[in-house]
Amino acid sequence: MAENFKKKICLITGARTGIGLSIGITLAKNGYRVIFSGRSVNDCKDTVNELMVNGLEVVESPIDLSNLSSLKHQTEMALSIWGTVDVLINNGAVIEPITPLEKIELQDFEKAVRVNYLAPSLLISYCWNNLQKNKGKVINVLSGASINAIEGWTAYCSTKAALHMINQQTHLEGNQHGISSIGIRPGLVDTEMQGRIRASGINHVSKIKKEDLMNSEKTGLFALWCASNNANEFSGKMISENDQIVSAKYEAWISAQNLKL
6 MAENFKKKIC LITGARTGIG LSIGITLAKN GYRVIFSGRS VNDCKDTVNE
56 LMVNGLEVVE SPIDLSNLSS LKHQTEMALS IWGTVDVLIN NGAVIEPITP
106 LEKIELQDFE KAVRVNYLAP SLLISYCWNN LQKNKGKVIN VLSGASINAI
156 EGWTAYCSTK AALHMINQQT HLEGNQHGIS SIGIRPGLVD TEMQGRIRAS
206 GINHVSKIKK EDLMNSEKTG LFALWCASNN ANEFSGKMIS ENDQIVSAKY
256 EAWISAQNLK L
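Residues in the sequence shown are numbered consecutively from 6, following my numbering.
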């Protein structure tokens, strides 16, 4: 039997392009009310307008992950739109600085820490009461870089590793209150970030051709399943659709749904 997502509310960061955009569109098409959040006002305007024309319940509410002083207020503004949240998706991130550890600059490193680690962690905290009330879910977009050092990616690897731990911490403290938290490892997806990685010319990842990258729509569908109750057993873990046990459960769920892509 198909799961009913209608009227559930999702807040997603970094939703202007790429993985965040794909996840937001997929959830909206399948019944979620989606709050698309980019860094600035109008970042997601065109997407929201297009989806609204098709009768979907979507809005834009900017959240600048690099500005911690305004983060709580911007989160509260987003939550005030429909009064609560059921699913928080921490997707927004930066890959920079891409540089050897010996050359890393304090200002650049600090920004990566704010955007990739501190802001997502605080967003969970700011949404906690609503997630507890709704027995909601956090989805943290992680990476293989969370557990593997990659040349030139000191900031990205270390901050994603920290968010990987926050994902586990959210499960540990939230499970007793009905809050689940899943980390997803999308793999190599064709995004603007991958373009900047190729431009850097540093490490093996930068050598991967654009045509060899995955389409972000696959990640949107996987995130839709992760947001469902069917995936709750993986709370506290970082998972990929390529994991054997995960894949079997995911594919079985997909085949039972009447999804709009």
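Just so it is clear, CB atoms sit at the ideal spot from N, CA and C, and this is done for glycine as well.
Query: Start and end residues, alpha helix (DSSP H) containing LYS254; Result: 249–261
Query: Nearest candidate by alpha-carbon position, reference ASN153, set CYS162, MET170 and LEU106; Result: CYS162
Query: Distance CB(ILE40)-CB(SER66) smaller than 7 angstroms; Result: yes
Query: Local Cβ density within 10 Å of ASN263, reported as buried at 16 or more and exposed below that; Result: exposed
Query: Selection from ALA236, ILE144 and PRO102 that minimises the alpha carbon distance to ILE207; Result: PRO102
Query: Sequence-distant residues of the same chain with beta carbon closer than 7 angstroms to SER27, five excluded per side; Result: SER221, GLU222, THR224 and GLY225
Query: ILE17 - partner residues in DSSP beta bridges; Result: PHE41 and ILE94
Query: Length of the line joining the Cα atoms of ALA167 and GLY97; Result: 15 angstroms
Query: Residue nearest to VAL58 in terms of C-alpha spacing, selected from ALA33, VAL146, GLY192 and GLY149; Result: ALA33
Query: For SER185, three-class secondary structure by DSSP; Result: strand
Query: Rounded C-alpha distance that separates SER233 from MET243; Result: 16 angstroms
Query: Range covered by the beta strand (DSSP E) that runs through VAL120; Result: Note, VAL120: premise wrong, no beta strand (DSSP E); not H, not E.
Query: Inter-residue spacing [alpha-carbon to alpha-carbon] between GLN137 and SER130; Result: 11 angstroms
Query: From GLU246, SER126, GLY60 and SER74, residue whose alpha carbon lies closest to that of ARG190; Result: GLU246
Query: Alpha carbon of ASN72 to alpha carbon of LEU147, nearest angstrom; Result: 21 angstroms
Query: Straight-line gap, SER74 to ILE68 (C-alpha atoms, nearest Å); Result: 11 angstroms
Query: Cross-strand partners of ILE103 (DSSP beta bridge); Result: The partner list for ILE103 (beta bridge, DSSP) is empty, contrary to what the question assumes.
Query: Counted within 10 angstroms of its Cβ, other Cβ atoms place ASP91 as buried (16 or more) or exposed; Result: buried
Query: DSSP-derived helix/strand/coil call for LYS242; Result: coil
Query: Buried versus exposed, by CB contacts within 10 Å (16 or more), HIS176; Result: buried
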